[in-house]
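Per my numbering: the sequence shown = residues 1399 to 1619.
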Amino acid sequence: LHPFVIAPSILSANFASLGQEVDHILAAGADWVHFDVMDNHYVPNLTIGPMVCRALRDHGVTAPIDVHLMVKPVDAMIAAFIEAGATSITFHPEASEHIDRSLQMIRDGGCQAGLVFNPATPLQLMEHVMDKMDMVLLMSVNPGFGGQKFIPHTLKKIEQARAMIDASGHALRLEVDGGIGLGNIAQVAAAGADSFVAGSAIFGAAQASDPHRYDSIIAAL
Ligand code: DX5
Ligand code: ZN
């Protein structure tokens, strides 16, 4: 496993120039593109879908696209994002009627699969399907919006997830999402995370006119 992954959430990018925004974060050293899909049903916000993922691939993006589905139901969107060029697809277990089947669909489509846990969702939901997962995504805010404050009690949960992963013998990535920035990323890593989503901390950081505006923040993270 690659030791640490930085995955900027394009939810906080300028959507009017998304291709360039993604080029900039990748040139600045980002590892993955975190792609937040919201449906105004599972979460109270509406964002982007498979057409935009396909457009980034057609634009020439070859980096991993890490699709975080905040939609209910999930299976139709899993199929669409496999077609659209996703690298990994994660979904919230509460949003699927058949968690095992949805995970299997993702793997059958050649993508990496994972479950996402809201701050109050018990990790035990993954107990019987860890062999079908490549990653765990832990929310450190309630999903739906960028720019929220990191919820401190989720640090304990990161430790719990790390312990479950280590005990399972499966090499799952442990990604954390929400409110991460320079002020807390070291703590999140110390709790056991190896992959870090950051939206507002990266895209909120600098002047739109500067082509190197993301270099220092991504290097610092
Ligand atoms: C929240 C999304 C996050 C969000 C992170 O529902 O899943 O990926 O964009 O943004 P920040 O880093 O600003 O909390
Ligand atoms: Zn996300």
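Cβ coordinates follow ideal geometry from the N, Cα and C atoms, glycine included.
Look at the alpha carbon of residue i and the alpha carbon of residue j, and state the distance between them as a whole number of angstroms.
i: A1617; j: A1426; result: 8 Å
i: V1472; j: V1527; result: 17 Å
i: I1476; j: R1560; result: 26 Å
i: M1524; j: G1507; result: 20 Å
i: D1564; j: I1549; result: 24 Å
i: A1448; j: G1579; result: Checking the displayed sequence, the identity of residue 1448 turns out to be Pro instead of Ala. Using only the alpha carbons, I get a separation of about 28 Å.
i: K1554; j: Q1546; result: 19 Å
Taking Cβ positions, are residue i and residue j nearer each other than 9 Å?
i: G1394; j: L1467; result: In the structure displayed, the chain extends from 1399 to 1619; residue 1394 sits before or after that span and is not available.
i: D1592; j: L1536; result: no
i: M1531; j: H1568; result: yes
i: I1487; j: V1465; result: yes
i: P1406; j: V1431; result: yes
i: A1478; j: I1463; result: no
i: F1601; j: N1412; result: yes
Since residue i is in the beta strand (DSSP E), which residue starts that stretch and which ends it?
i: S1538; result: Element bounds for S1538: n/a, residue is neither H nor E.
i: F1515; result: 1510 to 1515
Using the three-state DSSP reduction, which class does residue i fall into: helix, strand or coil?
i: L1341; result: Since the first and last residues shown for the chain are 1399 and 1619, residue 1341 lies out of range.
i: F1433; result: strand
i: H1457; result: helix
i: A1469; result: Residue identity differs from the one stated: residue 1469 is Val in this sequence, not Ala. In this structure, V1469 counts as coil in the three-state DSSP scheme.
i: V1450; result: helix
i: F1413; result: helix
Over what stretch of residues does the alpha helix (DSSP H) that includes residue i continue unbroken?
i: L1424; result: 1416 to 1425
i: M1475; result: 1473 to 1481
- Just list the alpha helix (DSSP H) runs in the stretch 1541 to 1616, keeping only unbroken ones of 4 residues or longer that don't cross its boundaries, in chain order. 1552 to 1566, 1583 to 1588, 1598 to 1601
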